[in-house]
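Residue numbers (our numbering), protein chains in the order written: chain A, 1 to 178; chain B, 1001 to 1466. Just so you know, even glycine gets a beta-carbon here, dropped at the ideal spot from N, CA and C. Nothing here was measured: the structure is a model prediction, and the numbers come from that model. What follows is a single structure, written as C-alpha cells, with notes after it.
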C-alpha cells in the first residue's frame, strides 16, 4: 500500500518535471511572440527542472532497468560467474555514488557557506543543487537492494534492457525473445 | 599513463556490465582522484554543470516525448499509407515507400532506433505479403532507419553542438540535403535491384486517393513544417521548436487523430449532424476532455516511456561530459592533436583517420557518448587543418549511422531482429548488402563538403549575414 503510493509519487514527480519543462518553454515562446516580452527566469528554471528530472530519475530508471550497458561479455560465462561479476559491477556503481555523494556534500557545504542565490531566481543555490546528493543517495539505495538480490540469487546483474527494446516498447511492439 | 589508465578503467567496468553512464562517470572520477589535484567537490560541480548548463540539450527530452506521442498515436501508420500511395506504383515501390516513410518520420523524430521501430513494424510485414523477400525488406528498413539521426531534428547533432559550441540550428540545416540525398540514393538502388529481381509493383491509386492520404497524414507532416520552418527561418531555437512540437504532437494524437487519450472512441463526424452542430459538439467535448488528460492511462504511459529514455540518455551525456572534462584537463586532446599534426597529414588524410576511428568506436558505444568523447579530440585538429566544424559534425553523424547497422552493438540491428522475430545474425546479413551503399555515401559526404555546407550557407545569404 505504502509502496504503491511511493511508486506513484515518484513517477508523478518525474512526469510533472518533464511536462512542466515543456510548458515552461512553450510559455516562454508564447510570451515572446504574443506579448512581445521575454521572461528571464524561465530558462534557468527549465534547466534546473531538467537536472532534477535526470538526477532524481536515475534511480527510478535503474528500477525500470532502463540504463543501457554491454552484457555480451558477461553472458559468455556460467550463471554463478555472472553473479560474481554482477556483484562487482554493482559495487563499482556504489563506489561511484559514494564519490559523487561525498563530492556533492562538500560542494553544497561550500555553496551554503558563501550563501549565493541563483542568477534569476531568488532561491539559495545550494538548495537548487541539492538534488545531486539526493539523487546519488537514492541511486545508492536501489543499488544496495540490487546487490542484496544478487547475493540471494534472485538476480544475476543489472539485467540491461538495450535501447532497442525500449524503442520497440515505445512503438507498442512486444519484446523479442533473446 | 593517465590516458591509458582512464580508457582501461572504462573498458574494464563496461565489460563487467556496469551501465555505460556509471562506467564513464566512475572512470573519470577515479582518474581525477588518483592523478589530479582537483578536489571531489570540483568533480561534483562539473557534473552538476553537465546536467544543468546546456540549453541545447533540453531539446532531447522534448523530441523524444513528441516522437513517443506520434508513434503511439498512429501518425506513423498514416505517414506510411501516404508514402505507399506516392511511390507504390513504381517497380519495387513498396520498398521505396518504406524509405520515404522513414525519411518523413526521421524529420519528426530524432532517433534511429525509434524510426526503425515505428516504420519497420508495419512495412516489413506488408512487403512480405506483397511478395518481397523478408531479408530484402528488413535490410532496407534497417538502413533507411539510420536517416533518423541525419535528417533533422537529430539527437546526435544536438549532442555534437553541445560538445563543440557549434550552433545546433546550423547543424540541423546542414543535415537536410545529405539526408534527402541518402534517401534518394537508397531508392535508386532499390529500383535497380527491383528491375533485376523483378519485384512487384502496386497499382496506381489515383490522384483522389493520394490527396485523401495526404490529408490524413497532414497532421504529422505539419509538424515538420513547424520544427524545420521555425529553426531554418531563425524564428526559434531548436529547444523552443522542440517544446512547441511536443505540445503539437500531443494535441494531434489526443484531439486530432484521437488514437490515445480520453477522446479515443469519439468520432469527428456523426451521422445526420450539421457542420455547426459538429463543430460545437467537438469543441465542447475537447474542453471537457482536457482535464481528463492528466489521469489518462495511455498518456501517462507515453510520458513515462519518454521520461525513461530521456533520463537514460541525459544521464549518459552528463557522465560523458565529465569524461571529456578529464580528457581536457589532462591535455589529452592537445597531445593527440600535436601527434596527428606531426604526421603531416593533409586534410583528406586526417578525415580518413576520423572515419576509421569513429567506425571502430561506433561498434562498441552509444553514439552520444562517442561524440562527447571524440569531438573535443578531433575538433581542434579539424580547425587547424581548415575543415569546417559543421562539415566535421555531419561526417561524425554519418559515421554514427554506419555504427548503428554494424555488430556487436548496432542498435538498428537489434530493433530489426526484434520486429521480424529473427536472430541478430540474420538481421546483420540482411543489412549487409546495403552497408556498401552507406560507405559510398560516407565517402561522398567526407570529400564533398558542399553537400553539407550548401544549405546553411545559402540560408545565411538569404538572411543577409554575408
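Residue(s) in a DSSP beta bridge with residue i
i, result
"residue 117 (chain A)", "A:124"
Residue i, enclosing alpha helix (DSSP H) - first and last residue
i, result
"residue 1130 (chain B)", "Premise fails: residue 1130 (chain B) is in no alpha helix (DSSP H) and is neither H nor E."
"residue 1146 (chain B)", "Here residue 1146 (chain B) belongs to no alpha helix (DSSP H), and DSSP marks it neither H nor E."
"residue 1215 (chain B)", "1207-1232"
"residue 1027 (chain B)", "1020-1035"
"residue 3 (chain A)", "2-33"
"residue 1457 (chain B)", "1449-1463"
"residue 1255 (chain B)", "It is not in any alpha helix (DSSP H) - residue 1255 (chain B) carries neither H nor E in the DSSP assignment."
"residue 1191 (chain B)", "1168-1197"
"residue 76 (chain A)", "It is not in any alpha helix (DSSP H) - residue 76 (chain A) carries neither H nor E in the DSSP assignment."
"residue 1264 (chain B)", "Looking at the DSSP string, residue 1264 (chain B) is not in any alpha helix (DSSP H), and its letter there is neither H nor E."
"residue 1078 (chain B)", "1075-1087"
"residue 1091 (chain B)", "Run containing residue 1091 (chain B): none; DSSP gives neither H nor E here."
"residue 1286 (chain B)", "1275-1289"
"residue 1063 (chain B)", "1059-1072"
"residue 65 (chain A)", "Segment: none, residue 65 (chain A) is in no alpha helix (DSSP H) and carries neither H nor E."
"residue 1270 (chain B)", "First-last for residue 1270 (chain B): undefined, no H or E at that position."
Burial state of residue i (16 or more Cβ within 10 Å)
i, result
"residue 67 (chain A)", "buried"
"residue 113 (chain A)", "exposed"
"residue 1215 (chain B)", "exposed"
"residue 28 (chain A)", "buried"
"residue 35 (chain A)", "exposed"
"residue 1053 (chain B)", "exposed"
"residue 1200 (chain B)", "exposed"
"residue 1325 (chain B)", "buried"
"residue 1124 (chain B)", "buried"
"residue 178 (chain A)", "Residue confidence is low: residue 178 (chain A) scores 39 on pLDDT, short of 50, so the model does not pin down where it sits. No coordinate-derived value is stated."
"residue 1401 (chain B)", "buried"
"residue 1360 (chain B)", "exposed"
"residue 1208 (chain B)", "exposed"
"residue 957 (chain B)", "There is simply no residue 957 (chain B) to check, as chain B begins at 1001 and stops at 1466 in what is shown."
"residue 108 (chain A)", "buried"
"residue 81 (chain A)", "exposed"
"residue 1026 (chain B)", "buried"
Chain B contact for residue i (CB, 9 angstroms cutoff)
i, result
"residue 153 (chain A)", "no"
"residue 37 (chain A)", "no"
"residue 64 (chain A)", "yes"
"residue 5 (chain A)", "no"
"residue 117 (chain A)", "no"
"residue 71 (chain A)", "yes"
"residue 113 (chain A)", "no"
Neighbour flag for residue i against chain A, beta carbons, 9 angstroms
i, result
"residue 1052 (chain B)", "yes"
"residue 1019 (chain B)", "yes"
"residue 1048 (chain B)", "yes"
"residue 1134 (chain B)", "no"
"residue 1139 (chain B)", "no"
"residue 1300 (chain B)", "yes"
"residue 1206 (chain B)", "no"
"residue 1039 (chain B)", "yes"
"residue 1366 (chain B)", "yes"
"residue 1316 (chain B)", "yes"
"residue 1229 (chain B)", "no"
"residue 1378 (chain B)", "no"
"residue 1244 (chain B)", "yes"
"residue 1397 (chain B)", "no"
"residue 1222 (chain B)", "no"
Chain C contact residues for residue i, given Cβ-Cβ distances below 9 angstroms
i, result
"residue 1152 (chain B)", "The question asks about chain C, but that chain is absent: this structure's protein chains are A and B."
Subject >> 4-residue-minimum alpha helix (DSSP H) runs that sit fully inside the segment 1349-1422 of chain B, ordered along the chain >> reply: Entirely contained in the segment 1349-1422 of chain B, the alpha helix (DSSP H) runs reaching 4 residues are, in chain order, 1367-1384, 1389-1403 and 1411-1420.
**OP:** Write down every uninterrupted run of the alpha helix (DSSP H) in the segment 1296-1332 of chain B whose length is 4 residues or greater and which is fully enclosed by it, in chain order.
**Re:** 1297-1329
Original post:
Whole alpha helix (DSSP H) runs in the segment 135-161 of chain A with 4 or more residues, listed along the chain?
Top reply: none
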